[in-house]
Amino acid sequence: NAGVMQNPRHLVRRRGQEARLRCSPMKGHSHVYWYRQLPEEGLKFMVYLQKENIIDESGMPKERFSAEFPKEGPSILRIQQVVRGDSAAYFCATRPESAGNTIYFGEGSWLTVV
Amino acid sequence: QQQVKQSPQSLIVQKGGISIINCAYENTAFDYFPWYQQFPGKGPALLIAIRPDVSEKKEGRFTISFNKSAKQFSLHIMDSQPGDSATYFCAASGSGGYQKVTFGTGTKLQVIP
Numbered sequence: 072n073a074g075v076m077q078n079p080r081h082l083v084r085r086r087g088q089e090a091r092l093r094c095s096p097m098k099g100h101s102h103v104y105w106y107r108q109l110p111e112e113g114l115k116f117m118v119y120l121q122k123e124n125i126i127d128e129s130g131m132p133k134e135r136f137s138a139e140f141p142k143e144g145p146s147i148l149r150i151q152q153v154v155r156g157d158s159a160a161y162f163c164a165t166r167p168e169s170a171g172n173t174i175y176f177g178e179g180s181w182l183t184v185v
Numbered sequence: 627q628q629q630v631k632q633s634p635q636s637l638i639v640q641k642g643g644i645s646i647i648n649c650a651y652e653n654t655a656f657d658y659f660p661w662y663q664q665f666p667g668k669g670p671a672l673l674i675a676i677r678p679d680v681s682e683k684k685e686g687r688f689t690i691s692f693n694k695s696a697k698q699f700s701l702h703i704m705d706s707q708p709g710d711s712a713t714y715f716c717a718a719s720g721s722g723g724y725q726k727v728t729f730g731t732g733t734k735l736q737v738i739p
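Structure, rendered in structure tokens:
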């Protein structure tokens, strides 16, 4: 996990507020994946991005969720108008351009909606 | 066809015993099979991985066995220790270009003294 930085680690939001989760990849990594993990459940793929491009967003809810990975700065997962069901751990994973398929996870951001 | 099925959902093993977790896949385009270990409150960490050109890979007490014809692979933890208590995820992906990593549902392992 060393090197993939996620923040905030813990975030509390009231229903209807916005949550922004940030992921700074390891140095040299240009591919970012976001996963959601509900308590006692597995890792559910949400979106895959490469610098400035969304490659696959098949796991993203159609409404309220968006992701970006700008040319400069971290990748951001944005959840608008949060609801209690959004409470989960959100993990970012990254990999470099040319080092095979291994992805490396950050420590996660725990979102609690009250 | 993108699913990876993992079993058991939970596992209790005595210290010193062998822990075995199984996974099966359907997509024959998958050619990379990693295992991740996750402790509570932490992100998943890569434990060991295998490609289908070998049937077994061993790293310390951890061994992956791979059966290409059956499309199954398993993780064996020899001499299981209480410190191995964690959730284990198998995963699979293809290679080249865009590759989404598909995870199994996880196995919660508890090693009791």
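Read top to bottom, the protein sequences are chains A and B.
My numbering numbers the first residue of the first sequence as 72 and each following residue consecutively.
My numbering numbers the first residue of the second sequence as 627 and each following residue consecutively.
For every residue, glycine included, the Cβ atom is placed at its ideal position computed from N, Cα and C.
- Task: Starting from the Cα of V185/A, find the closest Cα among V154/A, P96/A, K133/A and give me that residue.
- Result: Numbered from its first residue, the first sequence carries residue 185/A at position 114. Among V154/A, P96/A, K133/A, the Cα nearest to that of V185/A belongs to V154/A.
| message | Please report the straight-line C-alpha distance between S137/A and S719/B, rounded to a whole angstrom. | response | Stepping through the first sequence from its first residue, residue 137/A is reached at position 66. Stepping through the second sequence from its first residue, residue 719/B is reached at position 93. The alpha-carbon atoms of S137/A and S719/B are separated by roughly 24 Å.
Check: Could one say the Cβ of N72/A lies closer than 8 Å to chain B's Cβ atoms, at least one of them?
Finding: Residue numbering aside, residue 72/A sits at position 1 when the first sequence is read from its first letter. A caution first: N72/A carries a pLDDT of 48, below 50, which makes its placement in the model too unreliable to give a value.
Reducing DSSP to helix, strand and coil, say where D127/A ends up. Here residue 127/A refers to the residue found at position 56 of the first sequence. Shown here, D127/A sits in a strand according to DSSP, grouped into three states.
### Task
Measure the beta-carbon distance from F699/B to S691/B and round it to whole angstroms, keeping in mind my assumption that it falls under 8 Å.
For this step, residue 699/B is matched to residue 73 along the second sequence. For this step, residue 691/B is matched to residue 65 along the second sequence. A Cβ-Cβ distance of about 7 Å is found for the pair F699/B and S691/B, placing them in contact under the 8 Å criterion.
Measuring CA to CA, which of K697/B, M704/B, T654/B, K641/B is closest to K684/B?
To locate residue 684/B, count along the second sequence from 1; it is residue 58. The candidate whose alpha carbon is nearest that of K684/B is M704/B.
Requested in this report: Could you tell me which residues DSSP pairs with Q640/B in its beta bridges?
Outcome: Working through the second sequence from its first residue, we reach residue 640/B at position 14. I738/B.
T731/B: contacting residues in chain A (beta-carbon distance under 8 Å): Mapped onto the second sequence, residue 731/B falls at position 105. Here the neighbours are E112, G113.
What span of residues does the beta strand (DSSP E) with F116/A cover, start to end? Against the first sequence, residue 116/A aligns to sequence position 45. Segment 114-121, the beta strand (DSSP E) holding F116/A.
Identify, in the order they occur along the chain, each residue of the same chain with its Cβ nearer than 6 Å to the Cβ of K734/B, setting aside the five sequence neighbours on each side.
For the purposes of this step, residue 734/B is taken as residue 108 along the second sequence, with counting starting at 1. If we look at K734/B and ignore the five residues flanking it on each side, its Cβ neighbours are S636, T713.
So what does A718/B bridge to, in DSSP terms?
Start at 1 with the first residue of the second sequence, and residue 718/B comes out as number 92. Answer is T728/B, bridged to A718/B.
Let me see if you follow: with CB-CB separation under 8 Å, is P634/B close to chain A or not? Here the question's residue 634/B lines up with position 8 in the second sequence. Chain A contact via Cβ: absent.
Item checked: Per DSSP, cross-strand counterpart(s) of V185/A -> As a working mapping, residue 185/A is identified with position 114 in the first sequence. Partner(s): none; V185/A has no beta bridge.
Do V75/A and F176/A have their C-beta atoms closer together than 8 Å? As a position in the first sequence, residue 75/A is number 4, starting the count at 1. As a position in the first sequence, residue 176/A is number 105, starting the count at 1. Result yes, Cβ atoms of V75/A and F176/A sit closer than 8 Å.
Hey, is N172/A's beta-carbon within less than 8 Å of any beta-carbon in chain B? In the first sequence, counting from the first residue as 1, residue 172/A sits at position 101. Yes, its Cβ sits closer than 8 Å to a Cβ of chain B.
Taking 8 Å as the threshold (beta carbon to beta carbon), is F140/A in contact with chain B?
As a working note, residue 140/A is residue 69 in the first sequence. Chain B contact via Cβ: absent.
Next on the checklist: Using only the alpha-carbon positions, how far apart do F116/A and S101/A sit?
Outcome noted: On the first sequence, residue 116/A is found 45 positions in, with the first residue counted as 1. On the first sequence, residue 101/A is found 30 positions in, with the first residue counted as 1. In a straight line, the C-alpha of F116/A is about 18 Å away from that of S101/A.
### Query
For F162/A, which of R85/A, A90/A, G87/A, L114/A has the nearest alpha-carbon?
Translated into the one-based positions of the first sequence, residue 162/A becomes position 91. Looking at the Cα atoms, L114/A is the closest of the given residues.
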